[in-house]
Amino acid sequence: MTATLTRTPTSTAGSRLSRLRRVRRLRPGPLTYLTLTAFVFFSAFPLYWSVVVASRDNSVLGRVPPPLFPGDQLIANLRRVFDTVPFGLAMVNSLIVSSVITFSVVLFSTLAGFAFAKLRFRGRPGLYVAVIATMMVPTQLGIIPLYMLMAKLELIDSLYAVIAPNLVSAFGVFFMTQYLTAALPTELLEAGRVDGATTIRLFWHVVLPVARPAAAVLGMLTFMNAWNDFFWPLVVLTPENPTVQVLLSSIASGYFTDYSLTLTGTALATLPLILVLAVLGKQLIRGIMQGAVKG
Amino acid sequence: MPGPAPLKEFDVKSWLYRADVKASPYLYISPFFLVFGALGVFPLLYTAWVSLHKWSLLSEQHTFVGIDNYTHLLHDSFFWNALGNTVSIWVLSTVPQLVLALLLAHILNNRLRGETIWRTGLLLPNLASVAAVAIIFGQLFGRDFGLINWVLGLAGGGHIDWHAGTATSQLAISIMIIWRWTGYNALIYLAAMQAVPDSLHEAAIIDGASSLQRLRKITIPAIRPTIIFTVIVSTIGGMQVFTEPLLFGAGSNSLTGGSDRQFQTLSLYLYEVGFGRYDFGYASATAWMMFLVIALAAIGNYLLTRRIRRAG
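Protein chains in written order, with this note's numbering: chain A, 8 to 302; chain B, 140 to 451.
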């Protein structure tokens, strides 16, 4: 579990002197913890604040000093969110969109990653460079023709339109290729070949089990991104059939913003991802850090 | 060797085997290239074609007008205003964000108690959606009942109308971006820092170097490729800031980024032209100009950070 996080000193820990010095470097003082605590406080505060507002009614929010602790209106606000706007529908839509995208990205990235990492074929280096190059391309700038295309296919206001452009990810292919290059033993594949296994059997019985940890991290990152995606869903969906982010923007955009309603929505919309972080945070952090080193 | 009859069977088998080995790789990478080509690259290229037309969603007729949209754009003060805002928000958000992330990563690169807790805490802002962040901060920055003005009031400051001013609104938007991305970048720097050999730090400590000196003289030169990477990624992201200004201006002026367009970014202007006025031709020209700006900014930053590396 901690193998990747533990730093092993490269110098031989021979002399007492160097050991002494290492201790000095590795044992930080109280100021360090104070700084970190301040950072975590500022990181958490806006999210905590959304819970405070979500548990108050609007009149209290106009008071000076403002309330700093949660009140007792949470249930009432939750009821309002589900009764006055299609919040349940939005959550279900977001769940469908994010799940389909996650499944598809992980599957296609693992397939392509397997091919780029371990299979030999003509044009491989060039095609892989193309994958890496597309990671940097701001495809968001193509939304006008993409919108026209979806309109032509009569997919405006449909979840298909949100899902389709996100079915694959260049980052995903890159991530899985890097991982499988290092983690998948070539001998294992050769042994499978000798036994007469077809490529797809190798994929199913050899590659997938090895790919599982990286696939889990990629899945989490993809789900987060899909859940939080905003620009394209805003363009292609209407407030009648929204994802959660589109609905949030529409209830925040009235002439008068009902903050306790809106922030109840944002708190609820963030909750699933907070749960993911609570349960799988360690893997997620490791995944981000591994992706960074190899990138 | 097998006899004549089994040989034939063997041939079919070996043909199948070779077909499998030859075709499978292409089959496995084809979903990526097909979907990305059709829904990523093609729309981007087609944008160039649309940008050469007078093309509106409201009319069936698409007249070819050459580079007219581009010449208009170059004389469009709203476009230049949006470009200026984008650049200033990018500078205001990226510089403090990356400096803070470096310091944080330097602190995290100690043997800390509760390592995972600190890292998780710093990643927390990155989980909230940009929409949620913009809404929450929009409330915190409220003129009359916002918490931030209340705290400033306690410290003896006056009430600031964050939304109204150019500097204040852009500062508020930058703070949202800094808040959401500092911890994430710190984790990326931390990953790079862990690859720096401890012996370098030990030698520096023996020579009496302080912690900040070690950060400047050892760590930063060693992780420069990672720094260049983050600068380029945040340039590409920073040029496309959209949600924060849209929702910060929630209400009647949301598409224009404030009543005087004081915080309208390029992406927001693109959205206003394309989906507020449905002028697809002009919006496409805007998109291509943005593409140019992003490419220039990314290349410029790459060259700049590379030069610093040489100088340092």
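Here a beta-carbon is modelled for each residue, glycine too, at the ideal position from N, C-alpha and C.
| Asked | Found |
| --- | --- |
| CB A:Leu268 to CB A:Asn84, shorter than 8 Å? | yes |
| Is the CB of A:Asn235 under 8 Å away from at least one CB in chain B? | yes |
| Just checking my contact of A:Leu187 with A:Val213 at CB under 8 Å: how many whole Å lie between their CB atoms? | That belief does not hold up - the Cβ atoms of A:Leu187 and A:Val213 are roughly 11 Å apart, past 8 Å. |
| On the premise that B:Ile317 lies in contact with B:Pro235, defined as a C-beta separation below 8 Å, what is that separation, rounded to the nearest angstrom? | 6 Å |
| Does the beta-carbon of B:Tyr408 have 16 or more other beta-carbons within 10 angstroms, so that it is buried, or is it exposed? | buried |
| Can you tell me whether B:Ala270 is buried or exposed, with buried defined as 16 or more other CB within 10 angstroms of its CB? | buried |
| Using a cut-off of 9 Å between C-beta atoms, extract the partners of A:Trp239 located in chain B. | Those within 9 Å of A:Trp239 in chain B number zero; the least Cβ separation is about 10 Å. |
| Among A:Phe263, A:Tyr40, A:Pro192, which has the Cα closest to the Cα of B:Arg250? | A:Tyr40 |
| Is A:Tyr55 buried or exposed, if buried means 16 or more other CB atoms sit within 10 Å of its CB? | exposed |
| Among A:Leu126, A:Tyr154, A:Val58, which has the Cα closest to the Cα of A:Phe238? | A:Tyr154 |
| Using a Cβ cut-off of 8 Å (strictly closer), state whether A:Gln147 contacts chain B. | yes |
| Alpha helix (DSSP H) containing B:Glu383: first to last residue? | 382 to 387 |
| Assuming A:Leu148 contacts B:Ala426 (C-beta within less than 8 Å), just tell me the rounded distance between them. | 4 Å |
| For A:Phe115, go through chain B and note every residue whose CB falls closer than 7 Å to its CB, in chain order. | Pro170, Phe171 |
| Is the beta carbon of B:Leu237 sitting closer than 8 Å to the one on B:Thr374? | no |
| Rounded to the nearest angstrom, how far is the Cβ of B:Ser393 from that of A:Ser260, given a contact under 8 Å? | 6 Å |
| Helix or strand or just coil, what does DSSP make of B:Phe203? | strand |
| Quick check on A:Thr184 - is its C-beta less than 8 Å from some C-beta in chain B? | no |
| Can you pull the DSSP bridge partners for B:Asp418? | B:Ser195 |
| Excluding five sequence neighbours on each side, which residues of the same chain lie with their C-beta closer than 7 Å to the C-beta of B:Trp257? | Leu247, Leu251 |
| Return the first residue and the last residue of the alpha helix (DSSP H) that A:Leu241 is part of. | 238 to 243 |
| Please name the residue in A:Pro172, A:Gly203, A:Arg208, A:Asp202 whose C-alpha comes closest to that of B:Phe181. | A:Pro172 |
| Would DSSP call B:Thr233 helix, strand or coil? | helix |
| Alpha carbons only, please: which of A:Met296, A:Lys289, A:Trp234, A:Gly288 is nearest the one belonging to A:Trp102? | The sequence given here places Leu at residue 102 of chain A; Trp does not occur at that position. Cα-wise, what sits closest to A:Leu102 is A:Trp234. |
| If we ignore side chains and look at the alpha-carbon of each, how far apart do A:Pro37 and B:Met332 end up? | 22 Å |
| With 7 Å as the C-beta to C-beta threshold (strictly closer), list the residues of the stretch 69 to 91 of chain A near chain B in chain order. | Gly69, Val71, Pro72, Pro73 |
| Using the three-state DSSP reduction, which class does B:Gln401 fall into: helix, strand or coil? | coil |
| Give the residues of chain D in contact with B:Ser423, contact being defined as C-beta atoms less than 7 Å apart. | The chain labelled as chain D is not found among the protein chains of the depicted structure, namely A and B. |
| What three-state label does DSSP hand B:Pro182 in the structure shown? | helix |
| With distances taken between CB atoms, is the gap from B:Val204 to B:Ser423 smaller than 8 Å? | no |
| Restricting to Cα atoms, I'd like to know which of A:Tyr167, A:Pro279, A:Val71 is closest to B:Arg108. | Absent from the structure is residue 108 of chain B, since the part of chain B shown begins at 140 and ends at 451. |
| I need the straight-line Cα distance from A:Val243 to B:Thr358, nearest angstrom please. | 46 Å |
| Could you give the distance in angstroms between the alpha-carbon of B:Gly296 and the alpha-carbon of A:Pro73? | 17 Å |
| Along the stretch 288 to 299 of chain A, what residues have a CB closer than 8 Å to any CB found in chain B? | Gly288, Lys289, Leu291, Ile292, Ile295, Met296, Gln297, Ala299 |
| What residues from chain B crowd round A:Leu134, counting only those whose CB sits closer than 7 Å? | Ile168 |
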